[in-house]
Amino acid sequence: MTRSIKNNLLSRSIALTVLTSAQVFAGSLPSPVIDSDYYDNGDPAPAKYELGRMLFFDKIMSGNRNISCATCHNPLLATTDGLSLGIGEGGRFIGPYRTTGSGDDAVPGRIGRHAPHLYNLGAREFIHLNWQGIMEGNADKPSEISIPAGPEKPDGLDNVLAGQALFPIANINEMIGQRGENEIADSVRPGNGRFRPIWEGYLKRIRAIPEYVELFQAAYPNISLPDDIKIAHYANAIAAFETRAFRADNSRFDQYLRGGVDALSPKEVEGMNLFYGAAGCDSCHSGKFQTDHSFHNIAMPQIGPGPEARMPLEDRGRTEASREQSDFAKFKTPSLRNVAHTAPYGHSGAFATLEGVVRHHLNALESLDNYDTSQALMPSRSDLDEIDFQGYEDVSLRDKIAQNNELRPNPLSDAEVSALIAFLHTLTDTDSLNLRKLIPSQVPSGIAVSD
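According to mature numbering (1 follows the signal peptide of the UniProt record, and there is no 0), the residues represented by the sequence shown are -26 to -1, 1 to 425, in order.
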């Protein structure tokens, strides 16, 4: 029996299974994840996947050839970088050991938002990507997407995950570098377009590498010549790789939903009942992946430089995409899959521990006013340190964030918090944490894979 058939049969039987346990709030539990929840049933074509794998780890897709997708979404760090706010192009090493660079290569600033994990983004229901949801898709018609490229949006993108892959490589602080440092950073000129020159610069590099041409031809039979390789081919391959490589749906909670009622301990069941009951977590963290794919203001502390140069120190959140002031400081509800391993938490990475962010939810305004800045995990450099908490210390900005807070006080006991955290640990798919096998020993460009 195939995995897909098994999962569909188990999905139909879940109501009966949960009703046999009086402890469980049966009506609130999601149905099990199945293959058809994902693009290509979670198993894209092998040649397309392999091309995406090479591109994901190859630093040739950065202006100065010194950073890859995997630097900030590292498979050894639960597809994140382990930092509150990342260090982009110019930094060295990974995770807590990453440096801010030095001399002419010193980074100009921290990345404005926390690097989110990539688990299960190949599921069709993830129609809003990025913290502010500026990349939007259509679960029923995946190729109908909205991305902030205007008339430069390329044809032929498979889905919103592919669309999202186009933008980190076009971001000065994340992956391009500064003007005067490389031909791609210098390619943007008035009247020449914002994105096309950048994307074409990367394609020029790729087309000149015979091994890449062969990989593209294997993945896309309609490619005959190097010039046939387009930026949509790159983006679609990255999306195919991420869909399969970062699938995480075999946690103990998944096993419970599929009929394994002994998969959870009594304490974890207590935490599950709180999550789907009195604690009200599922009012936002709902569905198969514990997210409503919507946007909420939960009074998260604002730290770092902010994501928009014209609005330093603050983060407008959903307002950046919607242009509605009522959406100020609202951010996308993150999926909680592997949440015990994806710290720090929040759009600014303000909370270093799972308990810390859970307790923030119990009294968000009190937490905001009494935020302990030592929880932020960021490589130190005096000029960056100086501004890291200026946004948080701006009382008027803090009050603006607090005005639309949606969380009401929820006085859980310490024992209930402990049970809730125990349940959150059951959302860990241990197989999806052991991803060293994804890292290639070498990539077609010949650039070293390690950071």
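Backbone N, C-alpha and C fix where the C-beta goes; we use that ideal spot for every residue, glycine too.
Predicted, not measured: the structure shown is a model, and the values here were computed from it.
Under the three-state DSSP convention, the category residue i falls into
i, result
"N48", "strand"
"H399", "helix"
"A303", "coil"
"F30", "helix"
"G291", "strand"
"N12", "For clarity, residue 12 is Tyr in the given sequence; the question names Asn instead. DSSP places Y12 in strand when its eight states are reduced to three."
"A139", "coil"
"Q416", "coil"
"H88", "coil"
"Y366", "helix"
"L103", "strand"
"S392", "helix"
"Y319", "strand"
"L406", "In the sequence as presented, Leu is not what sits at residue 406; that position holds Ser. Here S406 sits in helix by DSSP."
"E298", "coil"
"S120", "strand"
"A97", "strand"
"E110", "strand"
Beta-carbon contacts of residue i that lie in its chain and below 7 Å, excluding the five residues immediately before and after
i, result
"G175", "E157, I158, S161"
"L381", "I272, A273, H335, A338"
"T293", "Q299, D301, F302"
"I41", "K33, G62, E63, M149"
"D405", "N224"
"G37", "E63, M149, I150, G151, E155, N156, I158, A159"
"R153", "A159, D160"
"L25", "L189, F190, A193, A211"
"D79", "G64"
"S309", "Y93, N94, F263, Q264, T265"
"P281", "G86, R87, D289"
"residue 433", "Within the shown structure, residues of the chain are numbered from -26 to 425, placing residue 433 beyond reach of any answer."
"S260", "D266"
Beta-carbon gap between residue i and residue j smaller than 7 Å
i, j, result
"G86", "I101", "no"
"I121", "G137", "yes"
"S322", "I277", "yes"
"F215", "R27", "yes"
"Y230", "A237", "yes"
"S225", "D403", "yes"
"A89", "G245", "no"
"N408", "A52", "no"
"A213", "L135", "yes"
"F30", "C46", "no"
"K306", "V7", "no"
"G130", "A19", "no"
"A192", "A21", "yes"
"G167", "E126", "yes"
"V187", "P195", "no"
"G83", "P279", "yes"
"L386", "F227", "no"
"F67", "D425", "yes"
Same chain only: Cβ atoms within 6 Å of residue i, ignoring 5 sequence neighbours per side
i, result
"H399", "A314"
"E99", "A113"
"G56", "G69, P70"
"P49", "L409, L412"
"A123", "F169"
"T54", "A89, H91, T316"
"G320", "M274"
"W105", "R87, F305, K306, H321"
Anticipated Cβ contact below 8 Å, residue i with residue j, distance rounded
i, j, result
"A303", "A324", "Contact doesn't hold; Cβ gap of about 13 Å is too wide."
"A273", "A376", "6 Å"
"S2", "D256", "6 Å"
"I421", "I34", "6 Å"
"M352", "S58", "5 Å"
"P128", "K204", "7 Å"
"T316", "H91", "4 Å"
"T217", "G96", "3 Å"
"P116", "N133", "4 Å"
"P383", "E185", "Rounded, the Cβ-Cβ distance is 58 Å, inconsistent with contact."
Beta-carbon contacts of residue i that lie in its chain and below 8 Å, excluding the five residues immediately before and after
i, result
"F371", "Residue identity differs from the one stated: residue 371 is Leu in this sequence, not Phe. Cβ neighbours of L371 beyond the five flanking positions: Q276, L287, E288, G365."
"V391", "E329, V332, R333, L336"
"V81", "I61, G62, E63, G64, G65, T74, G75, N147"
"Q416", "V423"
Minimum length 3: unbroken beta strand (DSSP E) runs contained in the region 156 to 191: none
Residue ranges of each alpha helix (DSSP H) within the region 205 to 271, 4 or longer: 205 to 219, 226 to 231, 240 to 249
Length at least 3, wholly inside the region 46 to 85: the beta strand (DSSP E) runs in chain order: none
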